[in-house]
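Asks: Just dropping this structure here.
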């Protein structure tokens, strides 16, 4: 696979970025020539610091990055983030009752380790706010990261200034041209155009249409295509659309290194591309995820609407842990409810492999695709 | 642009298929080396026969095709299609009242030419049924077409047998792998994978994910990518994803030859890719179209749900004509209501050009894209 300017800029063998919440995937991908990017959101500062230390030690001289979630709008933003106690007061009782009733209906047991509850609630509340993001960024800046990305909004200037002062590039995910232009104005170094097909927080515009328009709008800022990449054909397509690389996520959830819940892995392996939806049921913002009884319940118009960020994550953090715990024990209700963020490419993700092998497979398939496409000068009949 | 097996099969210069309701676009595209495909649905048998005669005379020795709409489910299908009178009885009064109230609210005037009403109602009722499709196919078979396509379902065997007996290839649009497999079993010669981003009746899965899976599922049947094509970059992407060509639609609505309503053309030129939606408001089935006050009204959960095919088309045929008539006079309400089917690529369609020029532009951009991508063997640094 030919090295391009993105590779040179970040010191990569391949312009393949791997978004993941698993430090082990970051380590494998970065050591194999791609760019591992650790999603810090959902981690406590202590957990994140420990993960960064491990990655730094395991990836000497290799490029890796960090992804934060700092939306342009969230409850408490006027104050840069409210305390958990203050946020808890914004969660209506009706919503708590609905979640409890849902778990009861699916016979999901109580948490065995009560500490988990407090821990996850803290994470849910603290990471999606300016102060929460600042705390995580302060940790990230202690390590030799090459890239800091905001998955949902525009970083305040302090983040970019500090990153640039340390030689760290700043990136952002966008789902519309107008958002890309805002990021360009804000001075980001790389833009990730994320299509409708992508897992996680994503917009409504598919990559065939989104990528070329973002490329044209932000030139000469390089663009990565996010969403839909399951094999090398989609990388070739991304390049054809004008991207300089790809931002991948779902594909790593099926790797051996990934922390994906085993029941979720099994569901992913069996799912088709028709088995995902964009739903507010897991974070409060539209995020593509596997359909399950959980998303069915929240999409039902008879039930309460999801809450805005970060309230929804706080509301359901206990429930998610209880479902994960019961699904591990193969309990029926929890197995029906459990789901996770994943793109429409889930239909192409059928087996578990080591992350380095996945990366090699992608580059090999890319080469094969390019070989089949051929060069127009040599293979044209006209 | 290199000729491939699709070109050889159909005698084309370029593997670019142009779906259109305008005979003039078919003529221009087919004469310029692409494949014009006339959408017959919505035409009376007399109108369709006259269009086919004109195309045949204007395109000697050139390839062109016909597209019908024969869904797998529609009201009256047990009987192969009901009479208009019988179908009219299935339209609830509440729906008629809602449409009348909507037009009143937007101050849309009565039809000036009462004949138009009867004519369009007949079209709406008759074309979406086995007997209606059979009547149109009987006309199509009189002309030297190269391709007969079903845009929505699986053709009954009689259609394929007759087509094949005359050396006509049969194609079908699909939005899911399982539909592609059904079409393969039914013996189609070419499959058009239509992504979420496409205009008109389309499914939920984006092309980056849909196309490679359909290609793998139906091999060696050739696959075209439908949806998202606005310039040559998307054609290169389609080829990278494994398609052997592209099926285009929206792009021709902005050509000089197209019959597109002038107010719709203006709206298209100004629209971004965020200005479309999949809605049942225009045919009763999910179809991507421009957002307007019309789609807003039907998407509002307080209002009646759209009716199934072909009832919805019959219900609104009068309204559509009245809106078109008033929009031509620049009346405010009708201008707000008017819309048309179009893909998310509408954000890239900004100017009117002759169809032959559009085709040449696509192929030139495709060549440029392929040139930039380069061949892996010569430009790889590794």
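Chains as they are written, first to last, in the numbering used here: chain A, 129 to 510; chain B, 129 to 510. Quick reminder that beta carbons are idealized off the backbone N, C-alpha and C, glycines included.
If you measure from the beta carbon of residue 382 of chain B to each beta carbon in chain A, is any gap under 8 Å?
Replies: By this cut-off, residue 382 of chain B is not an interface position.
Asks: If contact means a Cβ-Cβ distance below 8 Å, which residues of the region 333-351 of chain B contact chain A?
Replies: Residues passing the 8 Å Cβ filter: 333, 334, 335, 336, 337, 338, 340, 341.
Asks: Is it buried or exposed, residue 304 of chain A, if we count other Cβ atoms within 10 angstroms and call 16 or more buried?
Replies: When all chains shown are included, residue 304 of chain A counts as buried.
Asks: Taking 8 Å as the CB-CB limit, is residue 361 of chain A close to chain B?
Replies: Cβ-Cβ to chain B under 8 Å: yes for residue 361 of chain A.
Asks: Between the region 315-328 of chain B and the region 357-377 of chain B, do three or more beta carbon pairs fall short of 8 Å?
Replies: They touch, by the three-pair rule.
Asks: Where residue 137 of chain B and residue 317 of chain B are concerned, what is the direct C-alpha to C-alpha distance, given to the nearest angstrom?
Replies: Spanning the two alpha carbons is a distance of roughly 11 Å.
Asks: Beta carbon of residue 191 of chain A, beta carbon of residue 131 of chain A: below 8 Å?
Replies: Contact flag unset, no.
Asks: By the criterion of Cβ-Cβ separation under 8 Å, what are the contact partners of residue 281 of chain A in chain B?
Replies: None at all; the shortest Cβ gap to chain B is about 17 Å.
Asks: State buried or exposed for residue 495 of chain B, treating a residue as buried only when at least 16 other CB atoms are found within 10 Å of its CB.
Replies: Its Cβ being crowded by 16 or more others within 10 Å, residue 495 of chain B is buried.
Asks: Count the other C-beta atoms from every protein chain shown that fall within 10 angstroms of the C-beta of residue 229 of chain B, then say buried if there are 16 or more, exposed otherwise.
Replies: Residue 229 of chain B should be labelled exposed.
Asks: Any idea what DSSP makes of residue 209 of chain A, helix, strand or coil?
Replies: Of the three classes helix, strand and coil, the one that applies to residue 209 of chain A here is coil, per DSSP.
Asks: Can you tell me which of the three DSSP states residue 134 of chain B falls into?
Replies: Helix at residue 134 of chain B.
Asks: Taking 8 Å as the threshold (beta carbon to beta carbon), is residue 139 of chain A in contact with chain B?
Replies: No - not a single Cβ of chain B is within 8 Å of the one on residue 139 of chain A.
Asks: Against chain A, with Cβ distances strictly below 8 Å, would residue 401 of chain B count as a contact?
Replies: For residue 401 of chain B, the answer is yes, since a Cβ of chain A falls inside 8 Å of its Cβ.
Asks: Please decide whether residue 185 of chain B counts as near chain A, where near means a Cβ-Cβ distance under 8 Å.
Replies: Not one chain A Cβ lies under 8 Å of residue 185 of chain B.
Asks: Where residue 492 of chain A and residue 249 of chain A are concerned, what is the direct C-alpha to C-alpha distance, given to the nearest angstrom?
Replies: Each residue's alpha carbon lies about 42 Å from the other.
Asks: Which whole runs of the beta strand (DSSP E) in the region 388-476 of chain B are 3 residues long or more, in chain order?
Replies: Fully enclosed beta strand (DSSP E) runs of 3 or longer: 404-407, 415-418.
Asks: Thinking just about the alpha-carbon of each residue, which of A/268, A/309, A/299, A/353 is nearest to the one in residue 346 of chain A?
Replies: Residue A/309 is the option with its Cα nearest to residue 346 of chain A.
Asks: By Cβ distance, which residues of its chain are closer than 8 Å to residue 173 of chain A, with the 5 residues on each side in sequence left out?
Replies: Contacts found: 263, 264, 267.
Asks: Once DSSP output is grouped into helix, strand and coil, what is the label at residue 372 of chain A?
Replies: Three-state result, residue 372 of chain A: coil.
Asks: Can you check whether the C-beta of residue 322 of chain A is within less than 8 Å of a C-beta belonging to chain B?
Replies: With 8 Å as the cut-off, residue 322 of chain A does not count as an interface residue toward chain B.
Asks: Just to check my reading of the structure: residue 271 of chain B and residue 148 of chain B have Cβ atoms closer than 8 Å, yes? What is that Cβ distance to the nearest angstrom?
Replies: Residue 271 of chain B to residue 148 of chain B, Cβ: 16 Å. No contact.
Asks: Looking at C-alpha atoms only, which residue of B/331, B/306, B/363, B/325 is the closest neighbour of residue 344 of chain B?
Replies: With distances taken between Cα atoms, residue 344 of chain B lies closest to B/306.
Asks: With a threshold of 8 Å between beta-carbons, can residue 473 of chain B be considered close to chain A, or not?
Replies: For residue 473 of chain B, the answer is yes, since a Cβ of chain A falls inside 8 Å of its Cβ.
Asks: Hey, is the region 223-238 of chain B in contact with the region 282-298 of chain B, meaning 3+ C-beta pairs nearer than 8 Å?
Replies: Segments in contact, no.
Asks: Between which residues of its own chain and residue 463 of chain A is the CB-CB distance below 7 Å, once the five residues before and five after are set aside?
Replies: Within the same chain, residue 463 of chain A has close Cβ partners 391, 455.
Asks: If you measure from the beta carbon of residue 498 of chain A to each beta carbon in chain B, is any gap under 8 Å?
Replies: Interface residue, yes.
Asks: Between the region 271-305 of chain A and chain B, which residues of the former have CB atoms less than 8 Å from a CB of the latter, in chain order?
Replies: Those residues of the region 271-305 of chain A that come within reach of chain B (Cβ to Cβ, closer than 8 Å) are 304, 305.
Asks: Excluding the 5 residues flanking residue 236 of chain A on each side, which residues of the same chain have their C-beta closer than 8 Å to its C-beta?
Replies: Cβ neighbours of residue 236 of chain A beyond the five flanking positions: 447, 450, 451, 454, 459, 461, 462, 465.
Asks: Just the C-alpha distance for residue 167 of chain B and residue 490 of chain B, rounded to the nearest angstrom, thanks.
Replies: Between residue 167 of chain B and residue 490 of chain B, the C-alpha separation is close to 22 Å.
Asks: Whose C-alpha, out of B/162, B/415, B/408, is nearest the C-alpha of residue 428 of chain B?
Replies: The shortest C-alpha separation from residue 428 of chain B is found at B/408.
Asks: For residue 493 of chain B, go through chain A and note every residue whose CB falls closer than 8 Å to its CB, in chain order.
Replies: By Cβ distance, chain A contributes nothing, its closest Cβ being about 10 Å from residue 493 of chain B, past 8 Å.
Asks: Alpha carbon to alpha carbon, how far is residue 509 of chain A from residue 293 of chain B?
Replies: Confidence at residue 509 of chain A is low in this model, with a pLDDT of 34, below 50, so its placement is unreliable and the value that follows should be read with caution. So the two alpha carbons sit approximately 31 Å from each other.
Asks: Just the C-alpha distance for residue 170 of chain B and residue 400 of chain A, rounded to the nearest angstrom, thanks.
Replies: Straight-line Cα distance between these residues: approximately 34 Å.
Asks: Could you name the residues of chain B that residue 370 of chain A contacts, counting a contact when the two beta carbons are closer than 7 Å?
Replies: The contacting residues are 361.
Asks: Excluding the 5 residues flanking residue 176 of chain B on each side, which residues of the same chain have their C-beta closer than 7 Å to its C-beta?
Replies: Counting only Cβ-Cβ distances below 7 Å, and skipping sequence neighbours, we find 168, 264, 267.
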